[in-house]
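Undergrad:
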Amino acid sequence: VFGSTGNFEIDEEITKRLSEFVREKENRPVVVILSPPLKILMERFEPTPKLVIIGAGDVGLAVAKLAADLDFHIVIADERDDLANRQRFPMADSIICKPDLAEALSLIPYDESCYIVIATQANDDRAIRYCLTRPWAYCGMLGSKNKIKAVWETLKREGASEERLEAVHAPIGFDIGAQTPHEIAIAILAEIVAVRNKKSLVIHS
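Each residue of the sequence shown is one higher than the last, beginning at 9 in the working numbering.
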C-alpha cells in the first residue's frame, strides 16, 4: 500500500481490508465505508491473460479469431511459415515460427496466467511433453481419446507426473459434438473461459 490518508488508524484499516480483498480473490469492485463520509473503492486489475495456440492450422486459426474478442493476448507457435504468419493471423499479438517446433516453444514466455491450446498437425506429443514442464493456468490438447491414451502411456513411461497429466484437458474443450474448426474453437474457448472464471459446464433443461 502506497500513500497515506494522514490518519494512522484509517491507514491500518485500509491495509486490513485490502489484504482481505486480495485473499478472497474478489473480481467485482467493492466499496467500503470506513467512517462517513470516507469511502474506499477496491477493484482488482489483472494482467491480460495469455492464450498460447500451438499449431497454426484451421483449428488454431478458428480459436485465434474467436479469442480476439475475449480479451486474450494471443501467441501463435508453429514451425510452418506458410501458416504461422501475419497475413493468416492478423489478430495475433505474437507469432513465433521456427523450423524446429521445440525452438519456437522455448521462446514462449510461460506463466501461471497462461492458457495453452495444443492443436498441431503431427507434433502434439512434442508440444505436450514440453508444456508439462512449464507453468500454466490451463493446458488442453486436441485429439481422439485413442490418440491421447497412446501419448499419455508414452509420457508415463518417460516419467511424466501422473498429477500433471491429469491436469491437462484432453480431449480439449467441452463435449458439444463439435465437428467443424469453428465449432471446435467454440468448445475450446467455452472451456477456457469457464476455467478462467472458475465455473463448470451446466446443462440447463
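Ideal placement from N, C-alpha and C gives every residue a C-beta, glycine not left out.
Quick one, which of MET50, ARG31, HIS177 has its alpha-carbon nearest ALA145's?
TA: HIS177
Undergrad: Please return the same chain residues whose Cβ sits closer than 8 angstroms to the Cβ of ASP79, not counting the five positions on each side in sequence.
TA: Answer for ASP79: THR56, PRO57, listed in chain order.
Undergrad: For HIS81, which beta-bridge partners are listed by DSSP?
TA: LYS58
Undergrad: Could you pull the DSSP bridge partners for ASP133 from this structure?
TA: Answer is none; ASP133 lacks a bridge partner.
Undergrad: Please report the distance separating the alpha-carbon of GLU28 from that of SER12.
TA: 19 angstroms
Undergrad: Cα-Cα, which of LEU74, LEU69, THR23, ILE61 is closest to LEU49?
TA: THR23
Undergrad: If you drop the 5 nearest sequence neighbours on each side, which residues of the same chain put their C-beta closer than 6 angstroms to that of ILE84?
TA: ILE61, ALA64, ALA92, PHE97, ALA100, ILE103
Undergrad: Among CYS122, LEU115, ALA75, ASP77, which residue has its Cα nearest to the Cα of GLU54?
TA: Ranked by Cα distance from GLU54, the options CYS122, LEU115, ALA75, ASP77 are led by CYS122.
Undergrad: On the three-state DSSP scale, how would you describe GLY157?
TA: Note that residue 157 is Lys in the sequence shown, not Gly. Helix at LYS157.
Undergrad: Taking Cβ positions, are LEU109 and ASN131 nearer each other than 8 angstroms?
TA: yes
Undergrad: Is the distance from the Cβ of LEU197 to the Cβ of ARG172 below 8 angstroms?
TA: no
Undergrad: Quick one: grab the DSSP three-state call for ASP86.
TA: strand
Undergrad: Using three-state DSSP, classify TYR146 as helix, strand or coil.
TA: strand
Undergrad: Cβ of HIS81 within 8 angstroms of Cβ of LEU113?
TA: no
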